[in-house]
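These protein sequence lines are chains G and E, in that order. FYI, the numbering for the first sequence is 1 to 231, going by the working numbering. FYI, the numbering for the second sequence is 1001 to 1224, going by the working numbering. Backbone N, C-alpha and C fix where the C-beta goes; we use that ideal spot for every residue, glycine too.
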Amino acid sequence: MMKRAFPILGVLTAILLSYALYMALVWAPTERTMGDVQRIFYYHVPSAWTAFILFFVNFGASVVYLIKRKPAADIVALVSAEVGVVFCTVVLITGPIWARPVWGIWWTWDMRLTSTLVLWLIYVSYLFLRRFSSSGQTPLLAAALAVLGALCVPFVYFSIWFFRTQHPQPVMGGGGSIDPRMLHVLLINWLAFSCFAFLVCWSRYRLEKLQREVDQAHAMESLKDPRGSVR
Amino acid sequence: MSAPTGITRATLLKDLRLEWRSKDAINSMLFFSLLVVIVFSFSFDPTAEESRQIAGGLVWVAFLFAAVVALNQTWARELRNQVLDAYRVSPAPANSLFIAKTLGNFIFVSVLEALMTPLFIVFYRLRSLGPVWQLLLVAGFGTWALVVNGTFFAAMSIRTRSREIMLPLLLFPISIPALLAMVQATTAILNGEGARFWIVLLATYDLVFTTVCLLLFETVLNAE
Chain G
1 MMKRAFPILG
11 VLTAILLSYA
21 LYMALVWAPT
31 ERTMGDVQRI
41 FYYHVPSAWT
51 AFILFFVNFG
61 ASVVYLIKRK
71 PAADIVALVS
81 AEVGVVFCTV
91 VLITGPIWAR
101 PVWGIWWTWD
111 MRLTSTLVLW
121 LIYVSYLFLR
131 RFSSSGQTPL
141 LAAALAVLGA
151 LCVPFVYFSI
161 WFFRTQHPQP
171 VMGGGGSIDP
181 RMLHVLLINW
191 LAFSCFAFLV
201 CWSRYRLEKL
211 QREVDQAHAM
221 ESLKDPRGSV
231 R
Chain E
1001 MSAPTGITRA
1011 TLLKDLRLEW
1021 RSKDAINSML
1031 FFSLLVVIVF
1041 SFSFDPTAEE
1051 SRQIAGGLVW
1061 VAFLFAAVVA
1071 LNQTWARELR
1081 NQVLDAYRVS
1091 PAPANSLFIA
1101 KTLGNFIFVS
1111 VLEALMTPLF
1121 IVFYRLRSLG
1131 PVWQLLLVAG
1141 FGTWALVVNG
1151 TFFAAMSIRT
1161 RSREIMLPLL
1171 LFPISIPALL
1181 AMVQATTAIL
1191 NGEGARFWIV
1201 LLATYDLVFT
1211 TVCLLLFETV
1221 LNAE
């Protein structure tokens, strides 16, 4: 059942992504003042939302791991942080590409840009910790760091809040007006990106689980026969 | 109640005595931050007005880097002769150890700050336009913010390969809001502007992170 669901979801995601691409590049109306460069918005914003959701999942999974100590929760935390960092990187790269023609600068130390960058730094350091700690302790140390990192987010937000903000108001709940067709395209892209992220997380989850099973089997084997199977 | 505070006091006094005899941490921190002061002074060559603008940043960056030196030694000392393992199997509460270590580091970094500040004032011709007691408040809260997270992350990084490098990698990203608050508050006070928002933010940061570190420290200490 699970084995069949994976390729089906893969095909669906591919269709959805191509449809979203068409919608973003062809169907969506061209923005009046910014022109075609505005279309990067359909990649920038959905990536940001997806990254934030994944970081939230990472926090939730880490708390669950700290309480229940289930290896599955640890794998979810690892996977969501990895994929979240990738999406956050996409946000940080597409942002300047858009900002250069529109604001005339690649980067500014504005609230949203800075806090996204700090968020990215926190989760990169999380992945560093996972990479550098010895395997047995990694889950607990990483979970503790994830909790501290997530608690840091409101402080990052408030501390950078004092800087002048240059970023466009948030699309949702910001009071700004957006063409309903643009919103439509944005939401389709977000759906496509979320499906894609979910797909990647799922396959990475299976891979990590398999890897751990293989490691465990090797450990068991070397326990049984100390002379053989030295890897 | 008396047992945990007793353990805290014993560990703290032991660390202070060790430091008093060897003076490893404080000497290397002092010399390191002296180098930072001089190198920055050469690189920027600021006037009195400019240095008032950048001094907040310089001071705290110097103290942050110097603090990492002390923080790295916090737990490394306990690895020799398996002291940390002995602590783990003993019934002593983990948090008393954590508090002792944090207080120890707080004292080391405060001593460093007290010794280095006159030098900063002389080299950068600093004169505060705002109230000096607020600077003390910022220094206290700021140092605690660095030290409480630093002690926690040092206990984490001691479990990793290349532990000396790992500590700043973990500590700096999480410390960014605290560092920003310290720098902004210091600059604001030096220029005679209000710094209330930053001081409150720093105090809240201290409160939240101290609580969470205390909640999680036992888990980290006993992770295997």
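At a Cβ-Cβ threshold of 8 Å, Leu-1146 of chain E and Val-1109 of chain E count as neighbours.
Straight-line measurement puts the Cα of Met-220 of chain G at about 10 Å from the Cα of Val-214 of chain G. When DSSP states are grouped into helix, strand and coil, Thr-33 of chain G belongs to the coil group. Boundaries of the alpha helix (DSSP H) harbouring Ile-1026 of chain E: 1024-1044, taken from the DSSP string. A direct Cα-Cα distance of roughly 23 Å separates Phe-155 of chain G from Val-64 of chain G. C-alpha of Ala-150 of chain G to C-alpha of Pro-101 of chain G: approximately 33 Å in a straight line.
By the criterion of a C-beta distance shorter than 6 Å, Ala-1188 of chain E is surrounded in its chain by Ala-1195, once the five residues flanking it on both sides are discounted. Relative to Ala-192 of chain G, the option among G:Arg-181, G:Lys-3, G:Arg-4 and G:Tyr-22 whose CA is nearest is G:Tyr-22. If you draw a 10 Å sphere on the C-beta of Ser-80 of chain G, you find 16 or more other C-beta atoms in it, and that means buried.
Taking C-beta atoms under 8 Å as the contact rule, Leu-16 of chain G and Arg-39 of chain G fail to qualify, at a distance of about 18 Å. E:Phe-1063 is the residue among E:Phe-1063, E:Thr-1210 and E:Leu-1167 whose C-alpha sits nearest the C-alpha of Ala-1139 of chain E. Residue pairing of Ser-133 of chain G in beta bridges, as defined by DSSP: E:Thr-1160. For Gln-211 of chain G, the enclosing alpha helix (DSSP H) covers residues 180-224.
With a beta-carbon spacing of about 4 Å, Met-1182 of chain E and Gly-1142 of chain E fall inside the 8 Å limit used to define contacts. Taking a Cβ-Cβ cut-off of 8 Å, Val-1061 of chain E has no neighbours in chain G, whose nearest Cβ is about 16 Å from it. Remark: C-beta atoms of Phe-1152 of chain E and Phe-1217 of chain E approach each other more closely than 8 Å. In this structure, the CA atom of Thr-50 of chain G is about 21 Å from the CA atom of Pro-180 of chain G.
By the neighbour-count criterion, in which a residue is buried when 16 or more other Cβ atoms sit within 10 angstroms of its Cβ, Trp-120 of chain G is buried. With a minimum length of 4 residues, the unbroken runs of alpha helix (DSSP H) contained wholly in the region 28-86 of chain G fall at 41-68. In chain order, Gly-84 place their CB closer than 6 Å to the CB of Phe-55 of chain G, counting only its own chain and leaving out the 5 sequence neighbours on each side. Less than 8 Å separates the beta-carbon of Leu-1112 of chain E from that of Ala-1066 of chain E. Per the coordinates, the alpha-carbon of Arg-1080 of chain E lies some 16 Å from the alpha-carbon of Glu-1019 of chain E. The alpha carbon of Gly-1130 of chain E has as its nearest neighbour, out of E:Gly-1006, E:Ile-1121, E:Ala-1185 and E:Thr-1102, the alpha carbon of E:Ala-1185. Counting along the chain, the unbroken alpha helix (DSSP H) around Thr-1210 of chain E starts and ends at 1196-1222.
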